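Just so we're aligned: the sequence shown equals residues 1 to 473 in the UniProt record's numbering.
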Amino acid sequence: MKTLIWFRNDLRVKDHEPLVRASEAGKVAAVYCFDPRHFETTTYGFPKTNSLRAQFLIKSVSALRSTFRKLGGDLIIRQGNPEEIIPKLIKELQIENLFFHGEVTSEEKNVELRIENSVEIRIKKYWGHEMVHPEDLPFQPDEIPDVFTQFRKKIEKSSMIRDPLPVPNHPEFISVDDPGEIPHLKDLGLNAPPADDRSVLEFKGGEEEAWKRLNHYFFESDELRNYKYKRNGLLGADFSSKFSPWLAHGCLSARSIHHQVEKYEREVHENVSTYWMKFELIWRDYFRYSARKHGDKIFKLGGIQQKSLDKRTDENIFQKWRDGTTGIPFIDANMRELKQTGYMSNRGRQNVASFLAQNLNFDWRWGASWFESMLIDYDVCSNWGNWAYNSTVGHDPRNRYFNIVGQAQKYDPNGEYVRHWLQELKYVPDEFVHEPWKMSEDQQKLNECIVGQDYPKPMINLEDSYEEIKKRG
Ligand SMILES: Cc1cc2nc3c(=O)[nH]c(=O)nc-3n(C[C@H](O)[C@H](O)[C@H](O)COP(=O)(O)OP(=O)(O)OC[C@H]3O[C@@H](n4cnc5c(N)ncnc54)[C@H](O)[C@@H]3O)c2cc1C
1 MKTLIWFRND
11 LRVKDHEPLV
21 RASEAGKVAA
31 VYCFDPRHFE
41 TTTYGFPKTN
51 SLRAQFLIKS
61 VSALRSTFRK
71 LGGDLIIRQG
81 NPEEIIPKLI
91 KELQIENLFF
101 HGEVTSEEKN
111 VELRIENSVE
121 IRIKKYWGHE
131 MVHPEDLPFQ
141 PDEIPDVFTQ
151 FRKKIEKSSM
161 IRDPLPVPNH
171 PEFISVDDPG
181 EIPHLKDLGL
191 NAPPADDRSV
201 LEFKGGEEEA
211 WKRLNHYFFE
221 SDELRNYKYK
231 RNGLLGADFS
241 SKFSPWLAHG
251 CLSARSIHHQ
261 VEKYEREVHE
271 NVSTYWMKFE
281 LIWRDYFRYS
291 ARKHGDKIFK
301 LGGIQQKSLD
311 KRTDENIFQK
321 WRDGTTGIPF
331 IDANMRELKQ
341 TGYMSNRGRQ
351 NVASFLAQNL
361 NFDWRWGASW
371 FESMLIDYDV
381 CSNWGNWAYN
391 STVGHDPRNR
401 YFNIVGQAQK
411 YDPNGEYVRH
421 WLQELKYVPD
431 EFVHEPWKMS
441 EDQQKLNECI
451 VGQDYPKPMI
461 NLEDSYEEIK
471 KRG
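What follows is the structure, encoded as structure tokens:
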């Protein structure tokens, strides 16, 4: 039997069920399509995929192609809509099976459906993005509990996590005349991304790089031992795992990470931090299963709560947030980091989301779209799910919000992080670094930071905004 494997956000050969099953069935061919819709301009006026993520993607696809070439085959590359390319390839190569990893959100499912409707061969969808396989859940995948703790406890009690699958030994490849070229950024309509050495890490796409990072974080630097206590950090490569870009592109599977945590627990040390790594991966599954259950509600203003909301949508306000010129250092530092590097810590993401959706009372979907454009680790379910959650339209209906300055003082007590990204605050003393507007005129002059001139005035009065949030209920 001849099988075509369609690669999307699963750019790996380890723990890849479609590849394993296709190799068992006979000869294989593999294709990746650069879908032009992923590089369109959004209704908000910025690209759906920015150059930092596109660069990571190109690197990951190239790495996968090299791996296939080492295995004696190739990865077919095409630019265009998969629903047009795949039926054509099926015909050309006389393919009998089409295997791929299933996605759960509507844009991706619609493409799958169009392919399913246009070919008559056997199609098989596998589940490999999740850590817990849908068949191993203690409930129906579309009926997960809406409260995370219930979801987690039931999984911890009764779900096993499958072992990752090995790379097939000697897959037999179908020979292909025109394997196609990997596009450059400019072919996708993008310019070279910023290169900023202030980035927490130089993220390089590909499966081998993913495993390098895992081995560094778990076994070489032994940072996993302290993960729970350092994961809220803001500066440096090792405060958290930084696995997210590789997970989002599927260079590494969540099951493989889980398996390696258990290896670490057996061979090195087991503690609350090793548990916490598995705990965070359950959050990732939770957002994926939630998207599967709630469908397009996760993209709506009122979220899965279906709340009726009246939110601001003023371009000028949004511009200040996205450029990091709000006048609130903790927000600005995080937003500038995102723009320059495509990464932001989890603590930062929670605060900037809360600031936009709650303090500014803004339509949170603009923020989620900006993240979608900018994040190297953009993952549709984790992004929209976390945004909805932080905008109180997700699973937790409580009116939760962050005290931004309080968070800044707790997680960046000496202002090291904000000064890293905001040169303007270089000489501002720790006491004022998160609230420069509180300096007297003389202090501003002395510390070379005139508010409203060297650094923006705060765009809102934070204290007043908390009162408004409470009133909104
Ligand atoms: C508004 C907002 C938007 C987000 N958008 C994304 C996104 O597009 N893609 C993405 O991968 N994560 C997203 N997250 C979740 C989280 O911030 C990142 O996964 C994490 O910061 C990545 O860094 P890390 O790999 O070092 O995480 P670690 O702390 O080392 O965690 C290990 C892994 O656990 C998973 N994880 C941890 N926290 C979460 C979480 N809250 N939700 C889901 N999975 C989690 C991730 O896969 C992560 O790589 C978002 C969070 C917020 C608040």
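Just so it is clear, CB atoms sit at the ideal spot from N, CA and C, and this is done for glycine as well. All of these numbers come straight from a predicted model, not from anything done at the bench.
| Asked | Found |
| --- | --- |
| CB contact flag (S345, L234, <7 Å) | yes |
| CA nearest to the CA of H395, picked from G348, W366 and K297 | K297 |
| Rounded C-alpha distance that separates R53 from Y417 | 24 Å |
| Distance cut-off 6 Å: K339 Cβ against heavy atoms of ligand 1 | no |
| Residue range of the unbroken beta strand (DSSP E) whose run includes V20 | V20 -> not in any beta strand (DSSP E); alpha helix (DSSP H) instead, spanning E17 to A25. |
| The stretch 297-307 contacting the stretch 26-36, beta-carbon criterion three pairs below 8 Å | no |
| Status (buried if at least 16 other CB within 10 Å, exposed otherwise) for Y455 | buried |
| Contact check, P193 vs F34, beta carbons under 7 Å | no |
| Element boundaries [alpha helix (DSSP H), containing Y455] | First-last for Y455: undefined, no H or E at that position. |
| Inside the stretch 191-240 only - beta strand (DSSP E) runs reaching at least 3 residues | none |
| Residue from W421, L11 and T43 with nearest C-alpha to T313 | T43 |
| Completely contained beta strand (DSSP E) runs for the stretch 94-173, where each covers 3 or more residues | 97-101 and 122-126 |
| Selected residue, minimal CA-CA separation from G236, among E337, P458 and W321 | E337 |
| P47 burial status per 10 Å Cβ neighbour count (16 or more: buried) | buried |
| Endpoints, the alpha helix (DSSP H) within which W276 is located | V272 to H294 |
| C-beta contact flag for W421 and A333 at 7 Å | yes |
| Cβ separation of R198 and Q340, assumed to be a contact under 8 Å, to the nearest whole Å | 7 Å |
| C-beta atoms of M439 and H258 nearer than 7 Å | no |
| Under 7 Å between C-beta atoms of W364 and S391 | yes |
| Buried or exposed by the 16-neighbour rule on C-beta atoms within 10 Å, applied to H269 | exposed |
| Contact between the stretch 249-265 and the stretch 273-293 (3+ Cβ pairs under 8 Å) | yes |
| Distance CB(V273)-CB(Y217) smaller than 7 Å | In the sequence on display, residue 273 carries Ser and not Val. No; because the gap between Cβ atoms is not below 7 Å, this pair is not in contact. |
| DSSP three-state assignment for L11, whether helix, strand or coil | coil |
| Run of the beta strand (DSSP E) containing I76, from where it starts to where it stops | I76 to Q79 |
| Closer than 6 Å: A291 CB and nearest ligand 1 heavy atom | no |
| Contact between the stretch 91-106 and the stretch 1-20 (3+ Cβ pairs under 8 Å) | yes |
| Exposure label - E220; buried when at least 16 CB within 10 Å | exposed |
| Unbroken alpha helix (DSSP H) run spanning H259, endpoints | A254 to E267 |
| Bridge partner(s) assigned by DSSP for T41 | P47 |
| The stretch 373-380 / the stretch 397-407 touching (three or more Cβ pairs under 8 Å) | no |
| K212 beta carbon near ligand 1 (any heavy atom closer than 6 Å) | no |
| Per-residue DSSP class, three states only, for R347 | helix |
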